[in-house]
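Peer 1: Before I ask anything, let me first share the structure, which is written out below as structure tokens.
Protein chains: 2
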Amino acid sequence: MARPRTAPRTVDHPDLAQVDLQQVMEALVDPVRRMVVSQLVRKGEDMSCGTFEAPVSTSTLTHHFNVLREAGLIRQYYVGVTKMNTLRVDEMEERFPGLLRAVIAACAAEAGSGVD
Amino acid sequence: MARPRTAPRTVDHPDLAQVDLQQVMEALVDPVRRMVVSQLVRKGEDMSCGTFEAPVSTSTLTHHFNVLREAGLIRQYYVGVTKMNTLRVDEMEERFPGLLRAVIAACAAEAGSGVD
DNA sequence: CCATTACTTCGACGACAGTCGTAGTATGGG
DNA sequence: CCCATACTACGACTGTCGTCGAAGTAATGG
């Protein structure tokens, strides 16, 4: 019987009203974090932490997820032993209209044209 | 007779095609540089380097102007002994649609609401 | 229970960005 | 000519960010 010994793992998310532009910019300035955002957009569905491609170690990736979550860019929740990630794109759009959308578009454009 | 002993001082500006998102994000992540951009927008006309308000020394401000110029965000030109600054907003809009516009709007929104 | 999987936490380290003050250079006026 | 003004260049310092590996914790399956 899967009787949880402790409370189910939860994750705290900021209300976007209390996130400021500085935090969002700092989150989006890192290329690895933009990769995460891009992959979420491209996939179009929630992704577990382990399924992202990035040129860094797992522990570093954990750090990047924390930064993204604290900046209000992603929402995270546990499903068993894996942790899922969603983009808070609509909320973000309301908080800073056009910003996330523009960054996503720019990422896609750079990935699309031959950038090597 | 104002005979120039040397060639008039010129300033180099990148073609926006050769500016990448990383550079622009790095330029816009600094709050002092966003202040510069905001003041240019608010003023609505070219401003000399000495007329900006920022909580840093003059030499630091010079550094910030360099970063903004190299990221393609501002255009600079000398008028006598002073150096003028313009926002390259239209070119930027073409290069990364919506990005600069969104950041400017976010700055204005934060400045507008009581943020202290 | 125990092992496995999936992610986190911690400390350490290296690199680099922002900052300053000082000294330097160019322009324009007396 | 010389000085004042406006900005720049340089070197030094500092704090912070991204990075890693090793050790830790939590759910799941046998």
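Order-wise, the sequence lines are chains P and X. Under this note's numbering, the first residue of the first sequence is numbered 1, with each subsequent residue one higher. Under this note's numbering, the first residue of the second sequence is numbered 1, with each subsequent residue one higher. From the three backbone atoms N, C-alpha and C, an ideal C-beta is built for every residue, glycine too. For clarity, every value in this text was computed on a predicted model and none was experimentally measured.
(1) Under the three-state reduction of DSSP, which class applies to Val19 of chain X: helix, strand or coil?
(2) Excluding five sequence neighbours on each side, which residues of the same chain lie with their C-beta closer than 7 angstroms to the C-beta of Asp90 of chain P?
(3) My guess is that Leu99 of chain P and Ala106 of chain X are in contact by the Cβ rule of under 8 angstroms, so how many angstroms apart are they, rounded?
(4) Could you spell out where the alpha helix (DSSP H) holding Leu73 of chain X opens and where it closes?
(5) Could you tell me the distance, in whole angstroms, from the CA atom of Arg101 of chain X to the CA atom of Pro31 of chain P?
(6) Select from X:Val36, X:Thr10 and X:Ala109 the residue whose C-alpha is nearest the C-alpha of Leu87 of chain X.
(7) So with CB distances below 9 angstroms, who are the chain X contacts of Ala105 of chain P?
(8) Within a Cβ cutoff of 6 angstroms, which residues of the same chain sit near Gln76 of chain X, ignoring the five residues on either side of it in sequence?
(9) Helix, strand or coil: how does DSSP classify Ser48 of chain P here?
(10) So what does DSSP say about Pro97 of chain P, is it helix, strand or coil?
(11) Kindly list the residues whose CB is nearer than 8 angstroms to the CB of Gln39 of chain P, restricted to its own chain and excluding five residues on each side of it in sequence; keep chain order.
(12) Can you pull out the residues from the stretch 26-57 of chain X whose beta carbon lies closer than 7 angstroms to at least one beta carbon of chain P?
(13) One question on the structure: do Gly72 of chain X and Gln22 of chain X come within less than 9 angstroms of each other, judged by their Cβ atoms?
(14) Can you give me the Cβ contacts of Gly50 of chain P inside the same chain, cut-off strictly under 7 angstroms, excluding the 5 residues immediately before and after it?
(15) Closest by CA to Gln18 of chain P, which one among P:His63, P:Phe96 and P:Ala111?
(16) Less than 9 angstroms between CB atoms is the rule here; does Asp20 of chain X satisfy it with respect to chain P?
(17) Just reading off the alpha helix (DSSP H) that Pro31 of chain X is part of, what are its end residues?
(18) Give me the Cα-Cα distance between His64 of chain X and His13 of chain X, rounded to the nearest whole angstrom.
(19) Counting only beta-carbon atoms, is Arg3 of chain X nearer than 9 angstroms to chain P?
(20) Evaluate Val79 of chain P with the Cβ neighbour count: other Cβ atoms within 10 Å of its Cβ, from every protein chain shown; 16 or more gives buried, anything less gives exposed.
(21) Going along the chain, which residues of the stretch 57-84 of chain X sit with their C-beta nearer than 7 angstroms to a C-beta in chain P?
(22) Return the bridge partner residues of Thr86 of chain P from the DSSP annotation.
Peer 2: The relevant details are as follows:
(1) coil
(2) none
(3) 6 angstroms
(4) No alpha helix (DSSP H) holds Leu73 of chain X; DSSP gives it neither H nor E.
(5) 21 angstroms
(6) Among X:Val36, X:Thr10 and X:Ala109, the Cα nearest to that of Leu87 of chain X is on X:Val36.
(7) The answer, in chain order, is Phe96, Pro97, Gly98 and Leu99.
(8) Val11, Arg69, Lys83 and Asn85
(9) strand
(10) coil
(11) Met47, Phe52 and Glu53
(12) Glu26, Leu28, Val29 and Pro31
(13) no
(14) Thr82
(15) P:Phe96 is the residue among P:His63, P:Phe96 and P:Ala111 whose C-alpha sits nearest the C-alpha of Gln18 of chain P.
(16) yes
(17) Its alpha helix (DSSP H) spans residues Pro31 to Lys43.
(18) 15 angstroms
(19) Reliability of the predicted coordinates at Arg3 of chain X is poor, the pLDDT of 46 falling under 50, and the value obtained from them is presented with this limitation in mind. No, Arg3 of chain X lies away from the interface with chain P (no Cβ there is under 9 angstroms from its Cβ).
(20) Counting the other Cβ atoms within 10 Å of the Cβ of Val79 of chain P gives fewer than 16, which makes it exposed.
(21) none
(22) P:Arg75
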